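For the sequence shown, our numbering assigns the number 320 to the initial residue and increments by one for each residue that follows.
Cβ coordinates follow ideal geometry from the N, Cα and C atoms, glycine included.
Quick caveat, the model's predicted, so the values are computed rather than measured.
Following: one structure in structure tokens, then a few remarks.
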Amino acid sequence: MLNSFRFEQTDPARFYGGIATDSVQLLADFYADLTGRELAGATVLDVGGGPGYFADEFARADARYIPVEPDPSEMHAAGIAVPAAVRGSGMALPFRDDAVDICFSSNVAEHVPDPWRMADEMVRVTRPGGMIVLSYTVWLGPFGGHETGPWHYLGGEYAARRYRRRHGKEPKNRFGTSLFAVRAADGVRWSRRTSAHVFALFPRYHPRWAWWLVRVPGVRELLVSNLVVVASKPGRGL
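Given below as structure tokens:
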């Protein structure tokens, strides 16, 4: 997984293909723990689904996959046709309450100006007994600056300007516009105030023995490259 990060800009299909496989396995494991069921037949809403790189993996799991993406150019960037794709903002999801079995978002919260509003929306559209999985890149982790890293450690604006000087163009992930400084502590704080029941909080790309890092303020900002929050919505089961 870590080796694929260098291909995010040059070969996104390769990069996101690995993320897609990891995502389906992650959701399948937690959904089985929560409900005793497989993903087959489950409706999965992918908030910030982009052009649909995850669609094939979810189709292989026989899940009903619905990506939602606010940027039309991003939706068509890879030439992938996903019939159920919806254009909409994660901060105001165009779905009724209690609409889906699983609401999922991978590496999107750091691109949203109000990610915790998005997280609340994810809870809203999930059915009682359903599952919410929010996974995002931590700003002070090694990949927090995306293609502008590791210079983001000197400030997001500095890193963006340096990228422009070096490459003659703005980075795709522009600090303050499409990339924001989201901390691990922010996710921990949301997990304590949400109405959903949070039953897992862990660093996505770390072995299980290293999950304790999430519990240590300061350390988690530097060593938890991606934080995952897994929650269930209270109410009757599916």
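With a minimum length of 4 residues, the unbroken runs of alpha helix (DSSP H) contained wholly in the segment 463-532 fall at 475-486, 503-512. In the structure shown, the three-state DSSP call for tyrosine 455 is strand. The continuous beta strand (DSSP E) containing glutamate 388 extends over residues 383-388.
Counting the other Cβ atoms within 10 Å of the Cβ of proline 536 gives fewer than 16, which makes it exposed.
Residue pairing by DSSP puts threonine 362 in a beta bridge opposite Arg383. The residue among Val363, Ala359, Glu489 with its C-alpha nearest the C-alpha of valine 419 is Val363.
Only buried fits proline 386, as 16 or more other CB atoms lie within 10 angstroms of its CB. Burial is judged here by how many other beta carbons sit within 10 angstroms of a residue's own beta carbon; glutamate 476 has fewer than 16 and is exposed. Residue range 545-551 is occupied by the beta strand (DSSP E) that includes alanine 550, with no alpha helix (DSSP H) assigned at that position. The C-beta distance from proline 432 to phenylalanine 499 rounds to 6 Å, short enough to fall under 8 Å. Residue burial annotation: tryptophan 509 is buried, with at least 16 other C-beta atoms found within 10 angstroms of its C-beta.
If you look at aspartate 420, you'll find it in the beta strand (DSSP E) that goes 419-425. Boundaries of the alpha helix (DSSP H) around alanine 438: 434-444. Remark: C-beta atoms of histidine 486 and alanine 478 do not approach each other more closely than 8 Å. Contact check for valine 457 against leucine 346 fails: the beta carbons are separated by 8 Å or more.
About 5 Å separates the beta carbon of leucine 532 from that of valine 543, a gap short enough to meet the 8 Å contact definition. Relative to valine 501, the option among His525, Trp530, Leu459, Lys488 whose CA is nearest is Leu459. Within the same chain, Cβ atoms closer than 7 Å to the Cβ of arginine 539 are found at Ala503, Leu532, Val533, the five residues on either side in sequence being excluded. In the structure shown, arginine 539 falls within a helical segment according to DSSP collapsed to helix, strand and coil.
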